[in-house]
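Engineer: Quick one: this structure, given as structure tokens, is what I'll be asking you about.
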Amino acid sequence: MINQQLLKPSGIVIVGGSDDVRKPGGKVLKNLLDGFFPGDLYVLNPKMDEVQGVKSFRDPSGLPDVDLAILAIAAKYCPETVRVLAREKNTRAFIILSAGFSEESEEGAKLENQIVEIIDEVNGCLIGPNCIGFLNEHYHGVFTTPVPKLEPEGCDFISGSGATAVFIMESGMPKGLSFSSVYSVGNSAQIGVEDVLKYLDESFDPATSSRVKLLYIESVEKPDLLLKHASSLIQKGCKIAAIKAGGSEAGSRAATSHTGALASSDMAVDALFRKAGIVRCFSREELTTVASVFKHKELKGKNVAIITHAGGPAVMLTDVLSNGGLEIPEISGPKADRLLEKLSPGSSVSNPIDFLATGTAEQLGAIIDACEHDFDFIDAMVVIFGSPGLFPVFDVYELLDKKMQTCKKPIYPVLPSVINVKEEIEAFLAKGRINFPDEVVLGEALVKVFHAPAPAKPGDELKDINHEQIRNIIEESRNGYLVPEKVQQLLDAAGISQTREVVVHSREGAVKEAENLRFPVVMKVVGPVHKSDIGGVVLDINTRTQVEEEFERMIQINEVKGILIQPMLSGIELFAGAKQEPKFGHLILCGLGGIFIEVLKDVKASLAPLSMEEAGSMIKDLRGYGIVKGVRGQDGVNEEQFAEILVRISNLVKIAPEIYEMDINPLLGNRDRVVAVDARIRIEK
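The numbering used here applies: residue 629 is where the sequence shown begins, and numbers increase by one.
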């Protein structure tokens, strides 16, 4: 896996190095030379003795031992070249730029596997194939441009796509974003995104390691590994933002339940990122802007002061922040009056603080000092300062840099005049600063970062769950939906409160059980999935005659295997469920129940195992949380019991991973209790 020969090689050989810098082998050599690689540099080219001034060997036999090989030759020649270098030249790190492997054909996949076997034999390291290479402050092992500013405190960036890695760097560099390392893993034949993250976690040094990690992922192959090491890094003080492409996959494949229809692999990715504490992004611009926010002091409160000399951008930023749950509090009182006296006539300090187009560096300094020292309730500042091009603004940006050094509160600079004051912005960035050229993009990133959850706590294991009974029921059951009696037994074993219910198969039995349960009762068909769509649910039945009539009608419905009778209860209809998602394990879902689950699709999901805290957050994040909490004098739901049911479902699917889909819809909740009214469980062994 990742080793020092990859990270800090003493010597590098470019296999397929060329004088033609329009080819990967030529361009990667040029980048190494332009980056002043301090070690020994060689080329392996059967036709040349010197390439770009570097000694070239026609045959590997004459090549001295070398730490790292970068291959830019046809795929079919790669296995033998790797074999010779690994076994005869003690090469322990390989970057294969070449395409034509598993991404192209079965034959290419065989070549790829041969290479991995050879490198694994010598405990070596492989990046690629089919990648742009690897970058860090020691050497520029890529065949692309631009090469970003590389420094230890920059971002560690891991990408599953070479081209996208280039585009993301191009998005970040004009803002002033620097990088510590760039891993383009390509086909991830040996090392994927998750493996790099594992290395960054296990080798993390709080004194020297970068604290910002960026990911571009096209396929999550090892979700457990990603969760473990992302959570660990964030708990060590790192920040992680990621794009997961391919999120539009339909979530209803082979779904025969509400949970199955609503859950999807993308929902699982979303749940994984939230559980780990990763900020999920959906564009290159958003990713690099979130990374830029990470590089500033942490925003620890909701109250933001907007300092501007242009009204429009301040209004747009106010809208974004306010809509996202941050506050732009009014500033007033004697201290505000004293600040206003230092500004030009017509200025305003109410927040946004507008010191007009004539605003000076001295005035900006007075405003920042007041926000830092006088207005204790202000948690952060955004400074918007561009120029119509009438005069230089070096002094303003010089002051801004100094205030950012001394202020304890974060200051986010929005310098939008990227043409009019291009030189001034370049000078500002040269000081190691970052610019946010668009205030709305910054605002959206601030909101996202502020609301990002911390890594979830370990799941709670409940002691009163009957493990043995659950396993017995599962082992005795066949694939498919469990009969109602077995569902009831599983819920009982899991400690999930439920209504009393009974399945009947005759009119006489229906009357007897309805009277035993006491009127009013509910009657439901057993068998069909969507009962209400076919007239298979009748509420508030109060007489023997109604029971007889409804039994005779419902038993005639196609595919009905019996009639279930329950007491008629009242409360808010809720939903809870579970869905097995390949590679990820079980998603646990919750939302409003009844028809709302289909109409509103207001659900939240998390990956098992759940803690009570995580379950409670899921409930509070629902758009319909106001209904759960209780509105306009109506009683709400016992949230602790609702959360506990989610944790019990999490425990249940851990004990019985054969549960493929599970719906409890509805749960009926009031302030005293939450009980399961109807449930379906599908087994797939």
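Glycine is no exception: its CB is placed at the ideal position from the N, C-alpha and C atoms. All values derive from a computational prediction rather than experimental measurement.
Going along the chain, which residues of its own chain have a beta-carbon closer than 6 Å to the beta-carbon of residue 1044, five neighbours each way excluded?
Structural biologist: Taken in chain order, the residues that qualify are 1014, 1065.
Engineer: Going by DSSP in three states, residue 881 sits in which element: helix, strand or coil?
Structural biologist: Legend: pLDDT at residue 881 = 42, less than 50; position of this residue unreliable, no value from coordinates given.
Engineer: State the start and end residues of the unbroken alpha helix (DSSP H) segment that holds residue 909.
Structural biologist: Unbroken run through residue 909 is the beta strand (DSSP E), 907 to 909; no alpha helix (DSSP H).
Engineer: Let me check understanding here. Comparing Cα to Cα, which of 915, 874, 1307 lies closest to residue 1109?
Structural biologist: It is 1307 whose Cα lies nearest to the Cα of residue 1109.
Engineer: Below 8 Å between beta carbons: does that hold for residue 667 and residue 640?
Structural biologist: Yes. Within cutoff.
Engineer: Straight-line CA distance for residue 781 to residue 832?
Structural biologist: Cα-Cα distance, rounded: 13 Å.
Engineer: Quick check on DSSP: helix, strand or coil for residue 1284?
Structural biologist: It is coil, neither helix nor strand.
Engineer: Leaving out five residues on either side along the sequence, give the residues of the same chain with a beta carbon under 7 Å from the beta carbon of residue 789.
Structural biologist: Excluding sequence neighbours, residue 789 sits near 844, 846.
Engineer: Which word fits residue 880, buried or exposed, when buried means at least 16 other C-beta atoms lie within 10 angstroms of its C-beta?
Structural biologist: Its pLDDT being 39, under 50, residue 880 is placed unreliably by the model, and nothing is read from it.
Engineer: Is residue 783 helix, strand or coil by DSSP?
Structural biologist: Strand.
Engineer: Under the DSSP definition of a beta bridge, which residues are partnered with residue 1194?
Structural biologist: In DSSP, residue 1194 forms a bridge with 1150.
Engineer: Which same chain residues end up closer than 7 Å to residue 1182 when comparing Cβ atoms and leaving out the 5 residues on each side of it in sequence?
Structural biologist: Once the five neighbours on either side are set aside, the close Cβ partners of residue 1182 are 1151, 1153, 1164, 1188, 1191.
Engineer: Taking the beta strand (DSSP E) that residue 767 falls in, what are its first and last residues?
Structural biologist: No beta strand (DSSP E) contains residue 767, which DSSP labels as neither H nor E.
Engineer: At 4 residues or longer, and completely inside the region 1033 to 1114: list those alpha helix (DSSP H) runs for me, N to C.
Structural biologist: If we require 4 residues or more, the alpha helix (DSSP H) runs fully inside the region 1033 to 1114 come out as 1050 to 1058, 1067 to 1079, 1095 to 1104.
Engineer: In the structure shown, what three-state DSSP assignment does residue 972 receive?
Structural biologist: Coil at residue 972, not helix or strand.
Engineer: Contact between the region 801 to 809 and the region 1055 to 1072 is defined here as three or more beta-carbon pairs at a separation below 8 Å; is this criterion met?
Structural biologist: These segments touch.
Engineer: How many whole angstroms separate the CB atoms of residue 1233 and residue 1217, which I take to be in contact at a CB cut-off of 8 Å?
Structural biologist: The Cβ separation is near 5 Å, so the contact holds.
Engineer: Counting along the chain, where does the beta strand (DSSP E) carrying residue 684 start and finish?
Structural biologist: Here the beta strand (DSSP E) through residue 684 covers 682 to 685.
Engineer: Using CA atoms only, rank isn't needed, just tell me which of 1264, 768, 730, 829 is closest to residue 758.
Structural biologist: Taking only the C-alpha atoms, the option nearest residue 758 is 730.
Engineer: Quick check: what's the CA-CA separation for residue 963 versus residue 995?
Structural biologist: Each residue's alpha carbon lies about 11 Å from the other.
Engineer: Please specify which runs of the alpha helix (DSSP H), each continuous and at least 4 residues long, are wholly inside the region 796 to 834, giving them in chain order.
Structural biologist: Within the region 796 to 834, the complete alpha helix (DSSP H) runs of at least 4 residues are 821 to 830.
Engineer: Need the endpoints of the beta strand (DSSP E) that residue 917 sits in, please.
Structural biologist: First-last for residue 917: 912 to 922, but that is the alpha helix (DSSP H), not the beta strand (DSSP E).
Engineer: DSSP state of residue 999, grouped into three classes?
Structural biologist: It is helical.
Engineer: If you run the structure through DSSP and keep just helix, strand and coil, what is residue 1211?
Structural biologist: Correct three-state label for residue 1211: coil.
Engineer: Checking 8 Å against the spacing of the C-beta atoms, do residue 1243 and residue 1275 come in under that value?
Structural biologist: Yes, these two residues count as a Cβ contact at 8 Å.
Engineer: Give the secondary structure of residue 1007 by DSSP, where H, G and I count as helix, E and B as strand, and everything else as coil.
Structural biologist: Reduced to three states, the DSSP call for residue 1007 is coil.
Engineer: I'd like to confirm the pairing. Which residues does DSSP put opposite residue 668 in its beta bridges?
Structural biologist: Looking at the DSSP assignment, residue 668 forms a beta bridge with 639.
Engineer: What would DSSP say about residue 1308, mapped onto helix, strand or coil?
Structural biologist: In the structure shown, residue 1308 sits in a strand (DSSP, three-state: E or B).
Engineer: For the region 850 to 861 and the region 893 to 906, state whether three or more C-beta atom pairs, one from each stretch, are separated by less than 8 Å.
Structural biologist: Yes, since at least three Cβ pairs between the region 850 to 861 and the region 893 to 906 fall closer than 8 Å, the two stretches touch.
Engineer: Going by other Cβ atoms of all chains shown within 10 Å of its Cβ, with 16 needed for buried, is residue 1069 buried or exposed?
Structural biologist: With 16 or more other Cβ atoms within 10 Å, it is buried.
Engineer: Is DSSP giving residue 955 helix, strand or coil here?
Structural biologist: Of the three classes helix, strand and coil, the one that applies to residue 955 here is strand, per DSSP.
Engineer: Judging by CA-CA distance, which residue of 1291, 1226, 1258 is the nearest neighbour of residue 1273?
Structural biologist: Nearest C-alpha to residue 1273: 1291.
Engineer: Would residue 720 and residue 748 qualify as a contact pair, given that the criterion is a beta-carbon distance under 8 Å?
Structural biologist: Contact: no.
Engineer: Can you tell me where the alpha helix (DSSP H) with residue 856 in it begins and where it stops?
Structural biologist: Here the alpha helix (DSSP H) through residue 856 covers 851 to 863.
Engineer: Pull up the distance between the alpha-carbon of residue 1230 and that of residue 1209, whole angstroms please.
Structural biologist: Those two C-alpha atoms are separated by around 20 Å.
Engineer: Which of helix, strand or coil does DSSP assign to residue 1290?
Structural biologist: It is a strand residue.
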